[in-house]
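Notes follow once the structure below has been shown.
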Amino acid sequence: MIEIKNIKKSFGKNEVLKDVSLKVDKGEVVVLLGPSGSGKTTLLRCINFLEKADEGTLTIGEDTVELHKISNKDKRKLRGKTGFVFQNYGLFKNKTAIQNITEGLIVGRKIPKAEAIKKAEEVLEWVGMSDKRDYYPSKLSGGQQQRIGIARAVALDPDVILFDEPTSALDPELVGEILGVIKKVADKGITMIVVTHEMAFAQDVADKVVFMDGGVVVEEGKPSDVFYHPKEERTRQFLSRILPEEPDYYI
Amino acid sequence: MEFEYGNFKVSFKYGMEYLHVTAKITFIALFFGVVIGLVVAVVRHYKIPVISQILTVFVTLYQGLPVMVALLIYNLLFSFYIADIIRILHLNVQVRDVDNIVVAYFTLSLAAITSISETFRGAFVSVEKTQYEAGHAVGLSKLQTLRRIIIPQMIPVAIPGLINNMVGTIKGTSLVMTIGVMEVMNASLIPCSRTYSFLEGYVAAALIYWTFTLVLETIARVFEKRTKCYRENITN
């Protein structure tokens, strides 16, 4: 369904991705884990061509492209198959909630206006934001903005939705509700690649967990395997810092 | 030094008669300034190879050239080569019929283009990177993203700077008297050569410029206020 092969990417002398390959089946939810600077966000951005990879191939469905010499036409074609949810929401600030959703449908996809509005209203309802239909992003809370961001990605009916730390910019108390919306997306059977630090979410929703560090995939597997029976020492180290464990001492 | 109110009134009347020339130079310069200035800003912002470097060098150098000096140079070249230009382009006009006000249009437009392009460029920087990325992510082309997402967000930010450019351009028009174009400044001084009432002439011109600027600025401020809601939407 989606296959990334031997992707490499450097920013100047800093090699961020050193030969990463990843395969995602249809309907699968893959969670990318790893410390900051491990390259997981860059990997996600390379899949959507927001970052230009130095090497590697990408296959989505039937289409295979070489990432470093992709034409603008192929870029748009493949982008049409992906949705992207940004860490800081990335809503168009000059558009209302509903316009944020219809913009891609009408201008990008050339769907008739009435149909696009109907579709947008449906997804707004689905993420529980119908009453904020005509609000500008500046008048919405972070959680509400991210709901629109997710609705915008879902409305495009993409083959895969890429989530780039969708809850990192949110207040702690809002994280749960957004994760709930993302889980709803997963329940729809949409293929997803999610970069997140929310372990409980990963355990609950992911079909596969991929642990990255230093620009390579260190370990991948079922969440229960990776979390509780990690094969690699580096994974164990990382998990020991974030998975809740028995405290070493009591006060 | 005495201030003869009668002479002042005569100067004022003469000046007002040529306000339309000053206005015309102003609007032509601002029109090209905004349209071409936007294109220059886009090219430089997107770092379009070669053209962007050329424009950067040009804008930087041209910003250092005083309008007065530019006017005198272009006027000299104009009067020297106008006969050739008419001949080469097979224009059906006589050399003596050609008004060198076109030099004024050209010089002030060029000055407006360079300064307004810088205003727009600053406003471009105010739009976050994510806005471009979000545009691409929902399937908009580069041009669609620019037109539908980026420019609408950057215009409200640019307006205060543009008002500043407008005022600068109005003031700049007074320099065209040096090449003999009859406009407010020049016209206000017509009676002075007879009456030696130069102070009255200058004050009359000042009053006309001041009023003209004030009127345009007020209109622009109303427009700025109207777009305030957009600015609030995009800056929060």
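For the protein sequence lines, the chains are A and B, in the order given.
Residue 1 is where the first sequence starts when you use my numbering, and the numbers rise one by one after that.
Residue 252 is where the second sequence starts when you use my numbering, and the numbers rise one by one after that.
Note that beta-carbon positions come from the ideal geometry of N, C-alpha and C, so glycine has one too.
Quick check: is the beta carbon of A/G104 nearer than 7 Å to any beta carbon in chain B?
For the purposes of this step, residue 104 of chain A is taken as residue 104 along the first sequence, with counting starting at 1. Yes, A/G104 counts as interfacial toward chain B.
Report all residues from its chain with a CB closer than 7 Å to the CB of A/V185; omit the five preceding and five following residues, and keep chain order. Along the first sequence, one-based indexing puts residue 185 of chain A at 185. Around A/V185, the same chain offers I150, V154, I161, M192 as residues with beta carbons nearer than 7 Å, after the five sequence neighbours per side are excluded.
Could you work out which residue in B/L450, B/T462, B/R338 is closest to B/N258 when comparing CA atoms only?
Translated into the one-based positions of the second sequence, residue 258 of chain B becomes position 7. Residue B/L450 is the option with its Cα nearest to B/N258.
Query raised in the report: Between which two residues does the alpha helix (DSSP H) harbouring A/I117 extend?
Result: As a position in the first sequence, residue 117 of chain A is number 117, starting the count at 1. Taken as a continuous stretch (DSSP letters only), the alpha helix (DSSP H) holding A/I117 covers 113-126.
* Based on the DSSP output, what are the partners of A/M212 in its beta bridges? -> Here residue 212 of chain A corresponds to residue number 212 of the first sequence, with the count starting at 1. According to DSSP, residue pairing for A/M212 in a beta bridge involves A/V217.
field: Short Cβ contact (7 Å threshold) for A/N6 with A/D19
entry: For the purposes of this step, residue 6 of chain A is taken as the residue at position 6 of the first sequence. For the purposes of this step, residue 19 of chain A is taken as the residue at position 19 of the first sequence. Against a cut-off of 7 Å, the Cβ pair of A/D19 and A/N6 comes out as a contact.
- Should the segment 321-329 of chain B be regarded as contacting the segment 403-415 of chain B, the criterion being three or more beta carbon pairs within less than 8 Å? Inter-segment contact for the segment 321-329 of chain B and the segment 403-415 of chain B is absent: fewer than three beta-carbon pairs are separated by less than 8 Å.
Review point. If you run the structure through DSSP and keep just helix, strand and coil, what is B/Y481?
Key: By 1-based counting over the second sequence, the position of residue 481 of chain B is 230. In the structure shown, the three-state DSSP call for B/Y481 is helix.
* Asked: So B/A363 packs on B/G288, CB below 8 Å; how close in whole Å?
  -> If you number the second sequence from 1, residue 363 of chain B lands on position 112. If you number the second sequence from 1, residue 288 of chain B lands on position 37. Rounded to whole angstroms, the Cβ separation of B/A363 and B/G288 is 7 Å, and the two are in contact under 8 Å.
* Start and end of the alpha helix (DSSP H) containing A/N48? -> Against the first sequence, residue 48 of chain A aligns to sequence position 48. Taken as a continuous stretch (DSSP letters only), A/N48 belongs to no alpha helix (DSSP H), as it is neither H nor E.
Notebook entry, point to check: Where do the ends of the beta strand (DSSP E) carrying A/V85 lie?
Noted result: For the purposes of this step, residue 85 of chain A is taken as the residue at position 85 of the first sequence. A/V85: member of the beta strand (DSSP E) spanning 82-85, first to last residue.
Closer than 7 Å at the beta carbon, the chain A residues around B/T381:
Taking the second sequence and counting its residues from 1, one reaches residue 381 of chain B at position 130. Result: F86, N88, G90.
Practice item. State yes or no: is the beta carbon of B/E475 nearer than 7 Å to at least one beta carbon in chain A? Key: Here residue 475 of chain B corresponds to residue number 224 of the second sequence, with the count starting at 1. No - not a single Cβ of chain A is within 7 Å of the one on B/E475.
Are the CB atoms of B/L322 and B/I430 within a distance shorter than 7 Å? Counted from its first residue, the second sequence places residue 430 of chain B at position 179. Counted from its first residue, the second sequence places residue 322 of chain B at position 71. Taking 7 Å as the cut-off, the Cβ atoms of B/I430 and B/L322 count as close.
Exercise for the section: Report all residues from its chain with a CB closer than 7 Å to the CB of B/R338; omit the five preceding and five following residues, and keep chain order. Expected result: Taking the first residue of the second sequence as 1, we reach residue 338 of chain B at position 87. Excluding residues within five positions, none has a Cβ falling inside 7 Å.
Nearest neighbour of B/M252, chosen from B/I400, B/Y447, B/I324, B/M417 [CA to CA]
The sequence position of residue 252 of chain B within the second sequence is 1, counting from 1. By alpha-carbon distance to B/M252, the top candidate from B/I400, B/Y447, B/I324, B/M417 is B/Y447.
For this session: Would you give the residue range spanned by the beta strand (DSSP E) that A/F11 belongs to?
Result: As a position in the first sequence, residue 11 of chain A is number 11, starting the count at 1. Unbroken beta strand (DSSP E) run through A/F11: 2-11.
Does A/P172 pass the burial test, meaning 16 or more other C-beta atoms within 10 Å, or should it be called exposed? Here the question's residue 172 of chain A lines up with position 172 in the first sequence. By the neighbour-count rule (16 or more Cβ atoms within 10 Å), A/P172 is not buried but exposed.
Requested in this report: For chain B, find out if any of its Cβ atoms is closer than 7 Å to the Cβ of A/L50; answer yes or no.
Outcome: In the first sequence, residue 50 of chain A corresponds to position 50, counting from 1. For A/L50, a Cβ of chain B is located within less than 7 Å of the residue's own Cβ.
Output the boundary residues of the beta strand (DSSP E) element that contains A/E66. Position 66 of the first sequence, counted from the first residue, corresponds to residue 66 of chain A. Its beta strand (DSSP E) spans residues 63-66.
Check your understanding: Any idea what DSSP makes of B/S425, helix, strand or coil?
Key -> Here residue 425 of chain B refers to the residue found at position 174 of the second sequence. Three-state result, B/S425: helix.
(message) Count Cβ pairs between the segment 66-75 of chain A and the segment 112-132 of chain A that sit closer than 8 Å; are there 3 or more?
(response) Result no; under three Cβ-Cβ pairs closer than 8 Å.
**Message:** Which residues in chain E have a C-beta closer than 7 Å to the C-beta of A/Y228? List them in chain order.
**Reply:** Of the protein chains in this structure, namely A and B, none is chain E.
Three or more C-beta pairs closer than 8 Å, one from the segment 101-111 of chain A and one from the segment 175-190 of chain A: is that the case here? Counting Cβ pairs under 8 Å, fewer than three are found: no touch.
Query raised in the report: Can you list, in chain order, the residues of the segment 402-436 of chain B whose Cβ is nearer than 8 Å to any Cβ on chain A?
Result: Answer in chain order: P403, Q404.
- Under 6 Å Cβ to Cβ from B/S262, same chain only, skipping five residues before and after it: list those, please. Here residue 262 of chain B corresponds to residue number 11 of the second sequence, with the count starting at 1. Around B/S262: S439, P442, E451, G452, A455.
Do A/D164 and A/L44 come within 7 Å of each other at the CB atom, strictly closer than that value? The residue you call residue 44 of chain A lines up with position 44 of the first sequence. The residue you call residue 164 of chain A lines up with position 164 of the first sequence. Yes. Within cutoff.
Note to self: With three or more beta-carbon pairs closer than 8 Å as the criterion, would you say the segment 229-241 of chain A touches the segment 309-316 of chain B?
What the structure shows: No, they do not touch.
Between the segment 129-137 of chain A and the segment 84-101 of chain A, do three or more beta carbon pairs fall short of 8 Å?
-> By the Cβ rule, the segment 129-137 of chain A counts as touching the segment 84-101 of chain A, because three or more pairs are nearer than 8 Å.
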